[in-house]
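Take the sequence shown: its position 55, counted from the start at 1, is 58 in this note's numbering, and no numbers get skipped. Glycine included, every Cβ here is placed at the ideal spot set by N, Cα and C. Below is one structure; the comments refer to it alone.
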Amino acid sequence: MTAYILRRLLLVIPTLFLIVLVNFIIVQVAPGGPVEQMIARLEHTAVASGDRFSGGGTELAGGGAADSGEGTGGGGYRGAQGLSPEFIAEIEARFGFDRPVHERFFLMLGRYLRFDLGDSYFRDRGVFEIILEKMPVSISLGVWTTLLTYLVSIPLGVAKAVRDGSRFDVWSSGLVIIGNALPSFLLAVLLILLFAGGRYLDWFPLRGLVSDGWDGMSWPRRILDYFHHLALPVLSMVVGGFAGLTMLTKNSFLDQISLQYVTAARARGLTERRVLYGHVFRNAMLIVIAGFPAAFIGILFTGSLLIEIIFSLDGLGRLGWEALVNRDYPIMFGTLYIFTLLGLVLGIVNDVVYMLVDPRINFEGRQA
């Protein structure tokens with residue numbers, strides 16, 4: 004097992020390199036980079052203050068605009084007509100775009116090896132510091148949503164498998180289909196309308212992870228306040244996410260129940276509970292456990308985006324979206340690096356859990 008884990012850890016390096024490289028290339032050819040974003044912000048500021056870029060003679064703070072003898076240039080950037088080449092070069096130097104693409108890529112990789120994710124273009128703070136600040140919100144949503152989803156789906160899936168074809172199975176399948184068809188963001192809006200002061204009841208808060216003055220509360224009140232804020236966001240994500248796992252659990256159990264070893268166990272006089280949870284459960288849960296890392300990563304980094312926006316939660320999903328819109332490359336690549344590394348490590352952890360659930364699995368027997 005140790006040799007297998009070492010091989011997987013070594014494979015993390017080229018996998019991580021290729022993922023970062025492919026995304027770096029895609030981002031470089033995408034229109035509307037950080038230089039264009041800065042030009043658009045300066046243009047908006049100048050228009051709001053009554054200045055104009057074109058027309059000559061207007062100076063911009065920190066750089067100066069084109070005079071009447073420099074033409075409309077702009078270095079080929081959209082919206083840069085009327086800006087002097089010197090000012091464009093100053094903006095490029097600020098973002099590191101005065102260097103060749105390959106040099107920027109390898110400089111970024113060198114920093115990432117030291118876990119130095121650089122500084123945000125537009126937030127004037129370190130990317131790692133920003134990620135750590137946003138992490139509690141996303142981890143809270145991811146951990147509690149994944150935990151509740153598994154706590155609901157596995158018992159429900161087992162019950163449906165044992166009572167396959169019964170009235171309970173039919174009615175619960177109807178609820179599962181409704182939950183699967185209802186988008187989490189739509190349910191979130193409905194919960195706000197019903198329980199968060201939208202129209203009817205005002206039982207739950209609508210902003211933030213904790214209340215103002217949380218630091219001054221006693222620990223029991225802190226815990227209650229924390230879950231009070233999480234109740235609606237987590238509920239909206241659980242209802243939309245438990246359907247697939249429930250049906251996966253049910254089908255896994257049905258596949259195992261029909262096998263010969265289950266018939267043999269029953270013939271030996273074992274109780275139904277002993278057969279289900281002593282033999283079937285261990286084998287049926289393998290495929291369910293296999294999806295845990297992907298489910299957790301999806302909820303943690305992508306599935307909570309709309310939920311964070313709707314409930315005004317400042318987490319990683321919202322951070323990634325804002326970085327994409329603003330073309331804040333250090334945050335985009337920094338979060339990609341952390342997310343990918345975490346996903347690869349969780350994949351290795353997933354294999355270890357496989358062996359703990361079923362010791363018959365031998366990774367040492369695999370070829371490198």
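- By DSSP's assignment, A199 forms a beta bridge with D205.
- The Cβ atoms of Y332 and P37 sit closer than 8 Å to each other.
- In this structure the region 265–280 does not touch the region 205–224; the number of beta carbon pairs closer than 8 Å is below three.
- Straight through space, the alpha carbons of W206 and F198 are spaced by roughly 6 Å.
- The region 256–286 contains no complete beta strand (DSSP E) run of 3 or more residues.
- When the five nearest sequence neighbours on each side are left out, the beta carbons in the same chain lying within less than 6 Å of the beta carbon of N183 are those of A246, in order along the chain.
- With a 10 Å radius around the Cβ and a threshold of 16 neighbouring Cβ atoms, Y203 comes out exposed.
- Here the C-alpha atom of V237 lies approximately 15 Å from the C-alpha atom of D317.
- When the beta-carbon positions are compared, A326 and I334 come within less than 8 Å of each other.
- Cβ contact annotation for S175 (same chain, cutoff 7 Å, sequence separation greater than five): L159 and K163, in chain order.
- Rounded to the nearest whole angstrom, the C-alpha separation of L135 and S187 is 26 Å.
- With a threshold of 16 other beta carbon atoms within 10 Å, M4 falls short and is exposed.
- Closest by C-alpha distance to V161, out of R11, V291 and H105, is V291.
- Three or more Cβ pairs closer than 8 Å define a contact, and the region 4–24 meets that threshold against the region 340–355.
- Under the DSSP assignment, A92 falls in the alpha helix (DSSP H) whose first and last residues are P88 to F98.
- Considering only Y340, L359 and V355, the residue with the shortest C-alpha distance to I16 is Y340.
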